[in-house]
Each structure stands twice: as C-alpha cells, then as structure tokens.
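Asker: Residue numbers (our numbering): 547 to 949. Questions regarding the structure given below will be posed in turn.
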Ligand SMILES: *Cc1c(COP(=O)(O)O)cnc(C)c1O
C-alpha cells in the first residue's frame with residue numbers, strides 16, 4: 547500500500563501514532579485460526595494499547611479483553627466487548643474495583659494472593675454474589691526474556707506458588723461466595739522461545755489434574771500473554787506451533803483455552819511519527835532532535851528497548867546519530883547510533899513497531915500534550931484520539947489564585 551506519510555503528518559500534526567487496523571485484524575485471525583478445533587478465547591491485553599477504537603476493532607472480530615484495572619474493564623465494556631469475555635487480572639485490586647467487577651458480572655477475576663482472595667470473598671458476600679475466580683499460578687519458569695518483563699519466577703511479585711494455589715482452590719471451593727473456575731499463568735513478555743510455555747503448561751495442567759481428583763473442576767485454562775514480536779531481527783513464535791503446544795499439554799482436560807496477547811496484536815501494527823526540529827553536532831556525536839519525546843514513547847528509556855528508526859523519504863549518506871526528544875532527561879532518546887541521512891527541520895522520522903506500550907504508557911511529563919492517534923483501515927485514515935491541548939492537561943487542577 548502506498549501511504550503518503552508526509553500528507554498524514556501535515557493533516558494531523560506531529561508527533562502522532564499510526565495504527566494499521568488491517569494488520570491488527572490479521573494478527574487476531576491468524577491466532578484464532580491457529581486454535582481451530584479447540585474451545586478458545588483470545589483476551590486482548592488492553593494495557594498494550596487501550597484506545598477505544600483499537601479495543602472495539604478487536605471486539606468486533608470476537609476478541610475478549612484482559613484488564614488490569616477497573617478503568618480498563620470499563621474501556622472494554624464501552625468498546626463493546628461481551629462481559630463474559632472480560633477478565634480482570636493484576637496483583638492489586640481495591641475493594642471498589644472488586645465490587646464493580648462483580649456488579650458488571652464479567653467472566654473472571656484473576657487472583658494473585660490469598661489475601662486478595664479473602665477480600666474478594668468479603669466483597670462478594672456483601673453483594674450476595676458468587677465471584678467466578680481464577681488463580682494466577684507462578685510456575686517458576688525462566689521465560690528467557692528481559693528481566694523487567696519476566697514475571698514467572700518466584701522472585702517476581704506475580705502469582706502464587708503451586709502448593710499455595712492448591713490450598714486457595716480448596717478454600718475457594720468450600721466458600722459460598724467464590725467459584726473457582728479458572729487457572730492462569732503469565733510468565734513474561736516478548737517471549738520468543740516456546741519451551742518455557744510448554745513447561746509452564748505442563749506444570750499447570752498437572753495442577754488441574756490434581757484439582758479434578760478432589761472434585762474441583764477447572765473450566766478455563768489461561769496461558770497468559772507474552773507472544774514476542776519483531777523489533778529488530780528476532781525469530782518469533784509461530785502461532786500454530788504455539789497453540790499446538792498448549793493443546794497438546796491439555797489434551798485430556800476438556801478446558802476452554804484462554805490467552806492474553808497484547809504486544810502480539812498491536813506492536814507491529816503501530817508506528818510513531820515525529821518531525822525533526824534540528825540536528826546538533828557535539829565534538830564526536832551527532833544528535834537528531836525530534837518533536838516527540840520519552841513522554842510519548844518511553845520503551846527505549848524504560849527498558850532499553852530497540853525500535854527501528856528511519857527517515858521518511860530523505861536520501862543521502864547515512865551516518866550514526868542519536869535520536870533524542872526535547873524532554874529534560876538524558877534518558878530521553880528513541881535510538882542510539884541510528885544510521886540516518888542528513889536531516890533538516892521538518893523532515894519526518896518514523897519509529898517502527900510502536901503500537902504496543904507506546905501511547906498507553908504516555909505521560910504529560912514536561913507538560914507535553916499527548917500525541918494524536920490515527921487509524922489506517924482499508925487504505926483510509928481516521929483520527930481515533932485528538933492531540934491533547936493545554937486546557938485538557940490542566941482541567942482537573944483547582945483554582946490557584948487566592949483572593
Ligand atoms: C501484560 C500482560 C499481558 C500481555 O502481555 P504481552 O506481552 O503484551 O502479550 C497478558 N496478561 C497479563 C496478566 C499481563 O500482565
């Protein structure tokens with residue numbers, strides 16, 4: 547497809563995010579088709595990209611949602627996700643969030659500790675409801691990914707150990723207010739190796755078998771998210787191999803298979819566009835200063851993440867440059883030693899694979915307005931979030947001039 551990015555930049559201003567909705571659809575159907583013949587539900591991890599239009603696009607295709615706050619649950623409901631396809635995960639939930647989730651009657655609350663289970667039981671009792679729950683098990687498997695995005699080892703704060711999970715299931719099964727119907731794990735993000743997934747499935751499937759033996763019937767087997775994507779030259783997981791492994795490890799169980807991909811659905815569908823302000827050459831270093839900053843896309847600063855960066859329609863000999871933003875932090879960069887041609891004021895630069903954990907992690911640091919978001923579908927572009935204004939940013943601040 548021939549897209550005139552310059553024209554989009556003129557139309558929407560910079561910086562902006564662009565999401566290819568056809569690519570998102572492709573990802574969803576590829577994964578869904580890979581589960582063919584199995585009972586399955588794909589719960590899109592809303593935190594990866596929480597724009598209502600993105601969620602609605604996936605909801606229309608049949609996706610559910612994996613949410614980690616009541617705000618995300620509300621987004622999912624607003625975007626048209628079926629309430630019985632919504633799960634609420636996360637290591638800490640306030641009572642009011644638990645109450646709202648039970649009132650919305652969503653599919654599952656994913657629990658991550660015994661203390662949380664007791665809170666949920668108490669709130670369910672107050673409401674006179676039975677809470678459908680799932681317990682996040684920590685299978686103590688090294689996902690072989692970046693330590694910041696690894697979650698399945700005992701040293702991480704997530705989930706509970708197998709023995710504890712079993713005790714919790716026994717407790718929940720006896721409680722009038724808890725209905726333990728699911729089991730869950732999520733070992734990390736940007737996984738490019740299937741072996742940790744297979745091992746985790748095996749461990750958790752064994753737990754399901756031992757629970758069945760004591761008449762605790764688990765119906766939903768949730769393998770979490772984490773499927774890796776290509777940022778540079780990673781070799782990623784094949785969707786069919788992924789679902790086959792999960793199906794194999796659970797073939798005797800007659801469970802509905804759930805998964806919670808976030809990055810896989812949206813990362814490669816998105817790009818961040820920013821314009822060059824100017825170049826600056828220190829003694830031995832070339833800097834390209836752009837109008838986007840770490841407040842727009844924090845992954846390079848936060849995780850040392852790599853994103854491929856290119857100049858749009860600029861020719862010339864490429865030399866290494868650090869691509870940096872205007873934010874007052876040394877960590878405000880998108881890439882280091884990026885080969886780029888000589889650049890002029892207003893040239894357009896694209897940061898690739900920015901559809902996941904890009905805008906959803908954006909902030910107003912330095913009182914910078916959050917960027918616009920644009921969808922591209924069937925060759926047509928449309929604004930799905932307007933650029934913020936200064937007024938948007940100060941709206942909730944109280945009068946400060948004392949009379
Ligand atoms: C973050 C998260 C996901 C999504 O992870 P991706 O790497 O984006 O697929 C899924 N499930 C849980 C519980 C999470 O915390």
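Even for Gly, the Cβ is constructed at its ideal location relative to N, Cα and C. In this text the structure is predicted, and so the values were computed from the model without any measurement.
1. Does the segment 800-819 touch the segment 766-782, meaning 3 or more C-beta pairs lie closer than 8 Å?
2. Confirm the yes/no value for this check: CB of residue 784, any heavy atom of ligand 1, distance under 7 Å.
3. By alpha-carbon positions, which one of 567, 576 and 562 ends up nearest to residue 786?
4. Short check: CB of residue 816 to CB of residue 878, under 8 Å?
5. Rounding to the nearest angstrom, what Cα-Cα distance links residue 709 and residue 789 in this structure?
6. Taking 7 Å as the limit between beta carbons, can you name the residues of its chain near residue 906, skipping five residues before and five after?
7. Could you name the residues of the same chain whose beta carbon sits closer than 7 Å to that of residue 718, not counting the 5 residues immediately before and after it, in chain order?
8. Which whole-angstrom value is the C-beta distance of residue 929 and residue 558, which I expect to be below 8 Å?
9. Please list, in chain order, all residues of the same chain as residue 920 whose beta carbon is under 8 Å from its beta carbon, the five residues on each side excluded.
10. For residue 594, verify whether its CB is less than 7 Å away from any heavy atom of ligand 1.
11. Exposed or buried, which one is residue 803 when buried takes at least 16 other CB atoms within 10 Å?
12. Under the criterion of a Cβ to heavy atom distance below 7 Å, does residue 602 qualify as lining ligand 1?
13. Of all the alpha helix (DSSP H) runs that stay within the bounds of the segment 843-875, which reach a length of 4 or more residues?
14. Mapping DSSP to helix, strand and coil, what is residue 879?
15. Would you identify the three-state DSSP class for residue 681, choosing helix, strand or coil?
16. Kindly examine ligand 1 and report whether one of its heavy atoms sits closer than 7 Å to the Cβ of residue 807.
17. Closest to residue 682 by C-alpha separation, out of 644, 646, 648 and 753, would be which residue?
18. Could you check if residue 815 belongs to the surroundings of ligand 1, using beta carbon to heavy atom distance under 7 Å?
19. Given a cut-off of 8 Å on the beta-carbon distance, is the pair residue 903 and residue 852 in contact?
20. Quick one: which unbroken alpha helix (DSSP H) runs of 4-plus residues sit fully inside the segment 909-947? Chain order, please.
21. Is it buried or exposed, residue 797, if we count other Cβ atoms within 10 angstroms and call 16 or more buried?
22. Between the Cα of residue 850 and the Cα atoms of 747, 876 and 750, which residue gives the shortest distance?
23. Please classify residue 768 as buried or exposed, where buried requires at least 16 neighbouring CB atoms within 10 angstroms.
24. Name the two residues that bound the continuous alpha helix (DSSP H) containing residue 616.
25. Near residue 746, which residues of its chain fall below 8 Å by C-beta distance, leaving aside the five closest residues on each side in sequence?
26. Span of the beta strand (DSSP E) holding residue 895?
27. By alpha-carbon positions, which one of 939, 795, 586 and 669 ends up nearest to residue 643?
28. My guess is that residue 867 and residue 834 are in contact by the Cβ rule of under 8 Å, so how many angstroms apart are they, rounded?
29. Mind listing, in chain order, the continuous alpha helix (DSSP H) runs of no fewer than 4 residues lying wholly within the segment 697-767?
30. Hey, is residue 538 close to ligand 1, as in C-beta under 7 Å from one of its heavy atoms?
31. In whole angstroms, what is the alpha-carbon distance linking residue 704 and residue 627?
32. Mapping DSSP to helix, strand and coil, what is residue 889?
33. On the DSSP bridge list, what partners appear for residue 825?
34. Would you kindly report the start and end of the unbroken beta strand (DSSP E) that includes residue 567?
35. Indicate, with yes or no, if ligand 1 has a heavy atom lying under 7 Å from the CB of residue 614.
36. Taking the beta carbon of residue 654 as the centre, do at least 16 other beta carbons fall within 10 Å, making it buried, or is it exposed?
Answerer: So, to answer that:
1. yes
2. no
3. 576
4. no
5. 27 Å
6. 593, 594, 595 and 596
7. 663, 679, 724 and 726
8. 7 Å
9. 554, 558, 562, 563, 564, 565, 927, 928, 929 and 930
10. yes
11. Classification for residue 803: buried.
12. no
13. 845-849
14. strand
15. strand
16. yes
17. 753
18. No, since every heavy atom of ligand 1 falls outside the 7 Å radius drawn around the Cβ of residue 815.
19. no
20. 936-940
21. Exposed, by the Cβ-count rule.
22. 876
23. buried
24. It spans 616-624 - the alpha helix (DSSP H) in which residue 616 sits, taken as one unbroken run.
25. Within the same chain, Cβ atoms closer than 8 Å to the Cβ of residue 746 are found at 685, 687, 698, 731, 733 and 769, the five residues on either side in sequence being excluded.
26. 894-897
27. 669
28. With a Cβ gap of about 5 Å, residue 867 and residue 834 count as contacting.
29. When DSSP assignments are scanned along the segment 697-767, the uninterrupted stretches of alpha helix (DSSP H) that are 4 or more residues long and fall wholly within it turn out to be 708-720 and 741-759.
30. The requested residue 538 is not part of the displayed model; the chain covers only 547 to 949.
31. Between the alpha carbons of residue 704 and residue 627 lies a gap of roughly 26 Å.
32. Judged by DSSP in its simplified three-state form, residue 889 adopts coil rather than helix or strand.
33. In the DSSP output, where bridge partners are listed per residue, residue 825 has 834.
34. That residue, residue 567, is in no beta strand (DSSP E); its alpha helix (DSSP H) goes 567-580.
35. yes
36. buried
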